[in-house]
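S.K.: Dropping a structure here in structure tokens format, bear with me for questions.
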Amino acid sequence: MRLDNVDEAKVIKMCLFHDVAEARTSDLNYVHQKYARADENKALADVAATLPFGEDIKTLVEERNAGQTREAKIAKDADQLELILSLKEQADTGNIRAESWLPPALKRLKTEEAKQLGEVITSTASDNWWYSDEEKKSEWWINKKRVV
């Protein structure tokens, strides 16, 4: 899937650095976020002050957190898609709660591309990439001999 009119390098940098403040504030889970407040802006500013490219990171993270630009929306969606992939795998392997956590995560997706990916993820077995119906027919699963 190719995205038109998107600065892909910016999206990648946003994805790489968006959690940098959590090195100082911790990654609060959803229950903690309901009650506790972490000053991520201060943590981000403090981290940025220690790096020669810190202002660039700070600007990117602030843009991502504001969620207004196409790049920011894509970066935020990427974070949610990672959660959705994890929840789908957990649901497929027996976590009875994970299934109920998927709908809110899917509702947080903003771009049409991410919504389409979310649909594919939730309707596909999480092991399909390595153990598809076609792959299950392979003799390798019986003999386990490396194909050269």
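Just so we're aligned: the sequence shown equals residues 38 to 185 in our numbering.
The C-beta atom is built at its ideal place from N, Cα and C for all residues, glycine as well.
1. Would you mind stating whether E77 and T62 have Cβ atoms separated by less than 9 Å?
2. May I have the straight-line CA-CA distance separating H55 from W166, to the nearest angstrom?
3. Cα separation between N42 and R183?
4. Using only CA atoms, which one of D170, G104 and P141 lies nearest to M51?
5. From T148 to A135, what distance separates their C-alpha atoms?
6. Whose C-beta lies closer than 7 Å to the C-beta of K95 among residues of the same chain, with five residues either side of it excluded?
7. Under a three-way DSSP split, which group does A76 fall into?
8. How should E176 be labelled, buried or exposed, when 16 other C-beta atoms within 10 angstroms of its C-beta is the threshold for buried?
9. What residue does the alpha helix (DSSP H) around A109 start on, and which one ends it?
10. If you run the structure through DSSP and keep just helix, strand and coil, what is D83?
11. Rounded to whole angstroms, what's the CA-CA distance from E172 to S160? Just pull it up for me.
12. For a test of the three-state rule: what should DSSP assign to S169, helix, strand or coil?
M.R.: This is what the structure holds:
1. yes
2. Rounded to the nearest angstrom, the two C-alpha atoms are 28 Å apart.
3. 43 Å
4. G104
5. 23 Å
6. L81, A82 and A85
7. Sequence inspection shows Asp at residue 76; the Ala mentioned does not correspond to that position. D76 falls in the coil class under three-state DSSP.
8. exposed
9. Counting along the chain, the alpha helix (DSSP H) containing A109 begins and ends at R107 to D129.
10. helix
11. 18 Å
12. Coil.
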